[in-house]
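Protein chains in written order, with my numbering: chain A, 18 to 158; chain B, 18 to 158.
Glycine included, every Cβ here is placed at the ideal spot set by N, Cα and C.
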DNA sequence: TATATCTGTATCAATATTAGTTACAAATAC
DNA sequence: GTATTTGTAACTAATATTGATACAGATATA
C-alpha cells in the first residue's frame, strides 16, 4: 500500500490557502501544486472542513479558504483532523489470553500508544501554520 | 493492508524472553503467546538480533534469549530496531516544482518529520523493557 | 430562469505493504 | 547420524491508500 501522506497533503493545501488570503481557491488549482487529482484534494479538504479549519463553498466561483488565520491553526489540530491511526499498531490478532503475558500486554501497549500519541501531539502543537509557512519560505534563503 | 504491528510484536516477544531468563526460547513457543506463526516471530527476532538486543542459536535445543538485561534495553532501541517508517509520510508523488510552495514544502516537511520522530524516540527512551514489564504485570492488580 | 462552474461523494482500478503459510537449507546438540 | 531449530525464500490473502471517472447538488451570473 502507499504510505499515508494525508498530513503532508493537508499541510501543503493549507499553506496554499494561507497564501491565497480570503479568496476562494479551487481544488483543481491546489491539485496543480500538490501534483495530484482534484478529488484527492477535496477528500482532504472535507476532513479539514469538518474540523473547522477551512470553509468551502459550492457552485460557480466557489472553492475553499481558511476558516481562521494561520497563526491560530496548529499542526496538531491538522494532524488530528486527518488522523489516520496511531504511531504503532497493536497486535493484528489478539494474543493468547491463556498466557499471563498475552492476557495483559495489550492493555500495557495501549497505554503506551496513548503516551506516544500525546508526545506527537505536543510536539506538533508547538508549530502554528503561520510559523511552518515561515520555514517553507526560508528554505532556499 | 494490515497496520504495522511489528513494534507491538517485538515488545511482546522481548517480554516473553525476559521472563524466560537465560534459557533459549523457541520461536514456536513465543508464537503460541503472540498467537501467530513462528516464522513471523523469527522475522522480528532477526531484526532484534541485528540490533544486538537478542541472541539466537540454531540447531537442536537452539532458540533465542536476551543479549542484555531488560533494564538496559529501552523501548526506543526496540522501536528503531523494527522501525518501519515515519510517523507521517511525505508526498507520494513529488509536488510541482514550478510552484514556489511545491518546490520548498518537501524540505520543510522532512525537517518536521525528523522533529516528530525525535520526540517519539525521546518518549520511548523514557521506558526500559524492565519497567514496561512492571506495567504489564501491574495491569490486573 | 438558464447556464456554467465547482464542491461533495460514490465507485472502481492500480499499487503497495503486512501478516500469515509452506518449504527447505544450514547449523547444532546429543 | 539423527532430530531439532533457526534463517530465509517464495507465495497467498487481506487491507489501505492513491488516483481516476462520473455525476448530483449548489450557486453566481447573465
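Residues bridged to residue i [DSSP beta-bridge criterion]
| i | result |
| --- | --- |
| residue 159 of chain B | Since the first residue of chain B shown is 18 and the last is 158, residue 159 of chain B is not available in this structure. |
| residue 53 of chain A | None; residue 53 of chain A has no bridge partner. |
| residue 91 of chain B | B:145 |
| residue 75 of chain A | Its beta-bridge partners do not exist; DSSP assigns none. |
| residue 80 of chain A | A:74 |
| residue 42 of chain B | B:81 |
Beta carbon proximity, residue i to chain A, threshold 8 Å
| i | result |
| --- | --- |
| residue 148 of chain B | no |
| residue 81 of chain B | no |
| residue 53 of chain B | yes |
| residue 65 of chain B | no |
| residue 85 of chain B | no |
| residue 141 of chain B | yes |
| residue 62 of chain B | no |
Proximity test, Cβ basis, 8 Å: residue i and chain B
| i | result |
| --- | --- |
| residue 137 of chain A | yes |
| residue 97 of chain A | no |
| residue 131 of chain A | no |
| residue 152 of chain A | yes |
| residue 21 of chain A | yes |
| residue 125 of chain A | yes |
| residue 102 of chain A | yes |
| residue 122 of chain A | yes |
| residue 158 of chain A | Annotation note: pLDDT 47 at residue 158 of chain A (below 50); position unreliable, coordinate value reported separately. No, no contact with chain B. |
Proximal residues to residue i (C-beta, below 8 Å), its chain only, five neighbours per side dropped
| i | result |
| --- | --- |
| residue 53 of chain A | 26 |
| residue 32 of chain B | 146, 149, 150, 153 |
| residue 121 of chain B | none |
| residue 48 of chain B | 54, 55, 57, 58 |
| residue 86 of chain B | 147 |
| residue 61 of chain A | 23, 26, 27, 30, 99 |
Neighbourhood of residue i by C-beta, 7 Å cutoff - its chain only, sequence neighbours within 5 removed
| i | result |
| --- | --- |
| residue 93 of chain A | 138, 141, 142 |
| residue 45 of chain B | 55 |
| residue 34 of chain B | 42, 71, 81, 82, 83 |
| residue 39 of chain B | 82 |
| residue 119 of chain B | 112, 113 |
Neighbourhood of residue i by C-beta distance below 6 Å, restricted to the same chain and skipping five residues each side
| i | result |
| --- | --- |
| residue 66 of chain B | 73 |
| residue 68 of chain B | 98 |
Within 7 Å of chain A by C-beta, residues of the region 105–118 of chain B in sequence order: 105, 106, 107, 108, 109, 110, 111, 112, 113, 116, 118
Contact residues within the region 23–51 of chain B, judged by C-beta distance below 9 Å to chain A: 23, 24, 25, 26, 28, 29, 32, 33, 36, 49, 50, 51
The region 105–114 of chain B in contact with the region 135–152 of chain B per 3-pair CB rule at 8 Å: no
Segment contact, 8 Å Cβ cut-off, at least three pairs: the region 21–30 of chain A with the region 120–139 of chain B: yes
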